[in-house]
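These notes concern the structure reproduced below.
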Amino acid sequence: MTTALALGRSPAVVRSAEAASGAPVALATVAAILHGLDASQRRAVTHGDGPLVVVAGPGTGKTRVITRRVAWLIAAKRARPAEILALTFTEKAAAELQGRVDELVPYGYADVMTQTFHAFGDRLVRDHAFELGLPPEPRLLSRPAAAGFIRERLYDLGLEGDVRLGDPGRTALGLAEAFGRAKQAGLPAERMEAHAGQALAEARRAGESLGEGAAAVIGAAERRVALARAYAAYQRLLLAAGCIDFGDQVALAVRLLEQHPEVRRALHERYRYVLVDEFQDTDAAQLRLLQALVGPQGNLTVVGDEDQAIYGFRGALDGAVQAARRTWPMATAITLRRNYRSRRPILAAAARLIACNDAVDAVDTPRRPLIAHRRARPRPVRCEGFATVEAEAAWVADTLAARAATGQPQREMAVLVRSNRDAQPFLQALNGAGLATRSSGGGGLLNRPESRELLAFLRAAADPASTLDLYALATAEPYRLGGSDLTTLLEMARRRHRPLWDVLRELIAQPGIARVGDHTRAAVERLVDDLEAACEVAHRRPAPEVLYDHLRRSGRLARLARQPDGDVSVRAVVRLFTVVRDQAAVLPDQRLAFLMPHLDLLADGTGDDQEDDGPLDAPDAVAVLTAHKAKGLEFSLVVVTGLAEGRFPVRSRAAPFELTAELEDAEVVAGPRAAPHAEERRLAYVAMTRARDELILTWSERARGVRIARPSPFLAEALDHAPVRLHQVVDPGAALEALGTPPADAASTSPTPPAAPRELSFSQLDSYLTCPRQYCYRYVTGLPTPPHHALVYGSALHAAVAAYHVSERRGHPLSEATLLEAFAEHWQSEGFLSRTHEEARFAAGQAALRRFREDRLASGAPPPTAVEAPFSVTIGEDRLRGRYDRVDRGPGGVAIITDYKSGDVPDGRRARQRARDSLQLALYALAHQAETGALPALVQLYFLTSNTVGAVAPDLGRLQRARARLTAAAGGIRRGEFEAAPDPATCGGCPFREICPAAAA
Ligand code: SF4
2 MTTALALGRS
12 PAVVRSAEAA
22 SGAPVALATV
32 AAILHGLDAS
42 QRRAVTHGDG
52 PLVVVAGPGT
62 GKTRVITRRV
72 AWLIAAKRAR
82 PAEILALTFT
92 EKAAAELQGR
102 VDELVPYGYA
112 DVMTQTFHAF
122 GDRLVRDHAF
132 ELGLPPEPRL
142 LSRPAAAGFI
152 RERLYDLGLE
162 GDVRLGDPGR
172 TALGLAEAFG
182 RAKQAGLPAE
192 RMEAHAGQAL
202 AEARRAGESL
212 GEGAAAVIGA
222 AERRVALARA
232 YAAYQRLLLA
242 AGCIDFGDQV
252 ALAVRLLEQH
262 PEVRRALHER
272 YRYVLVDEFQ
282 DTDAAQLRLL
292 QALVGPQGNL
302 TVVGDEDQAI
312 YGFRGALDGA
322 VQAARRTWPM
332 ATAITLRRNY
342 RSRRPILAAA
352 ARLIACNDAV
362 DAVDTPRRPL
372 IAHRRARPRP
382 VRCEGFATVE
392 AEAAWVADTL
402 AARAATGQPQ
412 REMAVLVRSN
422 RDAQPFLQAL
432 NGAGLATRSS
442 GGGGLLNRPE
452 SRELLAFLRA
462 AADPASTLDL
472 YALATAEPYR
482 LGGSDLTTLL
492 EMARRRHRPL
502 WDVLRELIAQ
512 PGIARVGDHT
522 RAAVERLVDD
532 LEAACEVAHR
542 RPAPEVLYDH
552 LRRSGRLARL
562 ARQPDGDVSV
572 RAVVRLFTVV
582 RDQAAVLPDQ
592 RLAFLMPHLD
602 LLADGTGDDQ
612 EDDGPLDAPD
622 AVAVLTAHKA
632 KGLEFSLVVV
642 TGLAEGRFPV
652 RSRAAPFELT
662 AELEDAEVVA
672 GPRAAPHAEE
682 RRLAYVAMTR
692 ARDELILTWS
702 ERARGVRIAR
712 PSPFLAEALD
722 HAPVRLHQVV
732 DPGAALEALG
742 TPPADAASTS
752 PTPPAAPREL
762 SFSQLDSYLT
772 CPRQYCYRYV
782 TGLPTPPHHA
792 LVYGSALHAA
802 VAAYHVSERR
812 GHPLSEATLL
822 EAFAEHWQSE
832 GFLSRTHEEA
842 RFAAGQAALR
852 RFREDRLASG
862 APPPTAVEAP
872 FSVTIGEDRL
882 RGRYDRVDRG
892 PGGVAIITDY
902 KSGDVPDGRR
912 ARQRARDSLQ
922 LALYALAHQA
932 ETGALPALVQ
942 LYFLTSNTVG
952 AVAPDLGRLQ
962 RARARLTAAA
972 GGIRRGEFEA
982 APDPATCGGC
992 PFREICPAAA
1002 A
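Residue numbering for the sequence shown follows our numbering, starting at 2 and increasing by one per position.
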């Protein structure tokens, strides 16, 4: 149901051709596409049919090759855009790839499917839920939500006895990770159970000959059996709850393609060319998905570099590129060796380092060093050692400050750390030296102060008698209690052996019990008021509503609205809000008391490691990034810090539930946990090769009070000599002063104004046209909005209707009971005014669906030709992307597009008027025209609650006006024009009216 348009592309136009629509469009010539490529790049781009493996080291133009290849396939007329599928691993990478393709491929040709493996798998699983035995729209559990799901059902997994049920949170996280790894490895529960059972039988048979060691061997085998049974039970519980998890998105897609040749054939016909970027990050399940996906002609292009494989700890294959060569032995192999980024000494040091992996990496062909394209003015790689991390940070800050003073842009400098927790001393020292910083987060958004304060609020609302949580809340915004007054109140609580909560309430009831200032008294009153209100709501309403209510009451929502766009504190609050909603959604009871154990788990930071902390393309500021986050970026000057033993390389930790034996028995590739040191070396290699002109390596003997450490072995390997003198801290006072300077917030020093979105959904467009300020609050600042009953009602109806149409298309229309089940599955008890209100809406939805089904059966109409069909087209300067609810073919094959509305429009006349006035329908008609070259014969709104339909033929005048409106809105968004447009009618229904200074009364 979304429509989107791409904003602001510059055409790479050379000549004209006929687009699929029949309208003339500009098309880049083959010559223009190949311009500036070296011989190897050109060979890769113009490879004909059959598999192609491109090994592309850092700085060799990997992205250039993959995007130009897409453009070349289209320009050379080897494939239409819709026949090309480009896969990668993160949403961010997919968006970047899409953006680069858009720049090369002219308007009207941008329908290349660019997706992550998981998004692609998810679509397949949903489209074929019936074949997979799943409910029509299974609920997706994110990784943290899967851990919450397991924790809630820990005692249903049959684990009693030997696993750590004493720490259910950690156990749940460990199990979620183990099950996820098994799915990534392509190991289904039934196979794991069979292998574990066999291992136990063998252990028992061999028991007698093992003597004293028998008990340990049998015990280990029994634990394997327990884990495998838990895995199988988890899968059953997921299915019963109508859920799939992150791993299932790919694992189930693999099963679908392997077991349903007709689906496989359809995909072979649809995607004639498949390309994969960053192939070294592929896991075993993704490799199997590709095997099934690539048609008999084997038109697969993979681009990757084994030396940059740094995600083994997340389950990527050990030797994925080699695995591709083994899987497609006829593949043409091309190695890109010319590095256009780094000067020679940097590449030489990096090459010496990575060559030390020769002994452990599973390479079939010897590694050949990169050739430096930039040879002029080489600077030697420096290495500096220090006694303490504080001295190391102070030296780095001084060095970068001196460079900045000579005019070197700060955005061209980067300080790379091994993990987020190593960043703090460098952020403090850099800020102390007057440099702006932008960082990859301080241990995840959930560890930011804003998130911690809100977690403290949730804990205190669940249990106000928890003095620790109440203290955390009281000292934070907006109450800011502190000083001797708070000490007095805490002391009273201690003396009376009572919680702080009792003392605060008593202070209000009997002001004379303590001598505190007026500010404290007012703040305590406000705190007690807010918390009592929250406790009240917490017993009745779902947890997300409690949090939203607090954001609003405490004024935090209004403060967030005033933050600069892209502010990291806003992102942290939005992230926490999302986590609360996701976690609550999988609980049988969504109230706070039931949610808190799950949130405690996340607050420990263990569940948030997948979170992308957001854009880093900030204005002039030094980047302080983890080496992982730096992948894909480059800077003129790079300092790789913390190169001490135990810190880089880090010592690997054993997973709570190891799967090594299971994976070996199942003969799947075990992943690089077998050689964690090699992966750390690759990470150091990635870090070093981010530098264009200058590379500095630093280390210190002591960090975080840890024992004295030696230099990292990577230093000697890279430098080819022993590392270096230790600097002394010249002025400990200055260093301490620098450390005492609180780090300026990444956002406060360098707000990151997000670029105008490439795509706008229809809701975004509608929001902008209603009030640009409202659009800004919602889509630019990213403020959360309260759950609203109308949305719950509408999405549950939509999901049920879509499920019905999908079943129709399969020739087995849903029974009434199954249709109502689908409705119930998508129902959320959120945002209703009361229980009675919710029950009334639920009953209304059921009645609407019954009527819809009866009418549909009585009409004898053929199934729709498309349901929830995505489209991607260009209109004017902008691209429209969206989804039609339903498309039918009328007499003579003409198209009829239907959009479902949950509303209540009493008669056909008014329904027709609504359809005539609908901007959304006009956009759909334009999209259809751009896609197929013809307007649909009819566009219609189907109002489910009243069962009325308004159908109209597209009107050219209205289409023209719709086009003008979207162009104007897109332009306004591009220019950042977000003026408020107050109007009593719109402000009355605006979720931001309480914080918007311009709201009309
Ligand atoms: S309250 Fe009114 S003026 Fe303010 S954002 Fe909402 S619609 Fe716009």
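Think of the CB as a built atom: it goes at the ideal place given N, C-alpha and C, for glycine as much as any other residue.
Whole-angstrom Cβ separation of residue i and residue j, contact assumed at under 8 Å?
i       : j      : result
GLN185  : GLY248 : 6 Å
ASP284  : GLY643 : With 8 Å as the limit, ASP284 and GLY643 do not qualify as a contact, their Cβ atoms being about 29 Å apart.
ASP621  : ARG412 : 5 Å
LEU294  : VAL277 : About 10 Å; that fails the 8 Å criterion.
PRO1049 : ARG369 : Past the boundaries of the shown model lies residue 1049; the chain is included only from 2 to 1002, so the question cannot be answered.
ALA148  : ASP583 : Rounded, the Cβ-Cβ distance is 11 Å, inconsistent with contact.
MET114  : ALA87  : 7 Å
LEU105  : ALA72  : 4 Å
GLY60   : THR690 : 7 Å
LEU508  : VAL525 : 6 Å
PRO992  : THR786 : 4 Å
Looking at the secondary structure, which residues open and close the beta strand (DSSP E) in which residue i lies?
i      : result
GLY989 : GLY989 -> not in any beta strand (DSSP E); alpha helix (DSSP H) instead, spanning 985-989.
ALA873 : The sequence shown places Ser at residue 873, not Ala. Taken as a continuous stretch (DSSP letters only), the beta strand (DSSP E) holding SER873 covers 867-876.
PHE843 : First-last for PHE843: 836-860, but that is the alpha helix (DSSP H), not the beta strand (DSSP E).
THR47  : Premise fails: THR47 is in no beta strand (DSSP E) and is neither H nor E.
TRP828 : Note, TRP828: premise wrong, no beta strand (DSSP E); not H, not E.
THR642 : THR642 -> no beta strand (DSSP E), and no H or E assigned at all.
TYR341 : 339-344
ILE709 : Counting along the chain, ILE709 falls outside any beta strand (DSSP E), and DSSP gives it neither H nor E.
LEU474 : Element bounds for LEU474: not the beta strand (DSSP E) but the alpha helix (DSSP H), 468-475.
GLY305 : 301-305
ALA624 : 623-627
ARG140 : 140-142
VAL55  : 53-57
What span of residues does the alpha helix (DSSP H) with residue i cover, start to end?
i      : result
LYS78  : First-last for LYS78: undefined, no H or E at that position.
HIS806 : 790-810
GLY386 : No alpha helix (DSSP H) contains GLY386, which is instead part of the beta strand (DSSP E) from 383-389.
MET493 : 484-497
SER967 : Here residue 967 is Leu; the residue named in the question, Ser, does not match the sequence. Here the alpha helix (DSSP H) through LEU967 covers 957-975.
LEU125 : 118-128
LEU86  : Run containing LEU86: none in the alpha helix (DSSP H); it sits in the beta strand (DSSP E), 85-89.
With a threshold of 7 Å, establish whether the CB of residue i neighbours any heavy atom of the ligand NAD.
i     : result
THR68 : Questions concerning the ligand NAD fall outside what the structure shown contains, since the ligands it does hold are the ligand SF4.
Using 8 Å as the cut-off, can you tell me whether the stretch 238-247 makes contact with the stretch 125-137, which would need three or more C-beta pairs spanning the two stretches below that distance? yes
Run through the stretch 426-466 for me and flag every whole alpha helix (DSSP H) of 4 or more residues, listed as ranges in chain order. 450-463
Whole runs of the alpha helix (DSSP H) within the stretch 231-286, excluding any shorter than 4 residues: 247-260 and 262-271
Tell me whether the stretch 296-304 and the stretch 347-357 touch, counting them as touching only if at least three CB pairs, one residue from each stretch, are closer than 8 Å. no
Of all the beta strand (DSSP E) runs that stay within the bounds of the stretch 872-955, which reach a length of 3 or more residues? 879-890, 896-902, 939-944 and 949-953
Taking one C-beta from the stretch 928-946 and one from the stretch 895-904 each time, how about it: are there three or more such pairs within less than 8 Å? yes
Which ranges does the alpha helix (DSSP H) cover as unbroken runs of at least 4 residues, wholly within the stretch 514-551, from first to last along the chain? 519-541
Does the stretch 853-870 come close enough to the stretch 826-845 that 3 or more CB-CB pairs lie under 8 Å? no
Sufficient close CB pairs (3 or more, under 8 Å) joining the stretch 951-963 to the stretch 977-985: no
Check whether the stretch 571-588 touches the stretch 532-541, taking contact to mean three or more Cβ pairs, one atom from each stretch, closer than 8 Å. no
With three or more beta-carbon pairs closer than 8 Å as the criterion, would you say the stretch 888-896 touches the stretch 866-874? yes
Whether or not the stretch 95-104 and the stretch 767-780 are in contact is what I'm after, with contact meaning three or more pairs of Cβ atoms, one per stretch, closer than 8 Å; do they touch? no
Touching by the beta-carbon criterion (3+ pairs, under 8 Å), the stretch 498-517 and the stretch 422-436: no
Are the stretch 587-600 and the stretch 454-474 touching, with three or more C-beta to C-beta distances below 8 Å? yes
Check whether the stretch 214-229 and the stretch 184-198 are in contact - that is, three or more C-beta pairs closer than 8 Å. yes
For the stretch 44-52 and the stretch 329-338, state whether three or more C-beta atom pairs, one from each stretch, are separated by less than 8 Å. yes
Three Cβ pairs or more, each shorter than 8 Å: is that satisfied between the stretch 320-330 and the stretch 202-221? no
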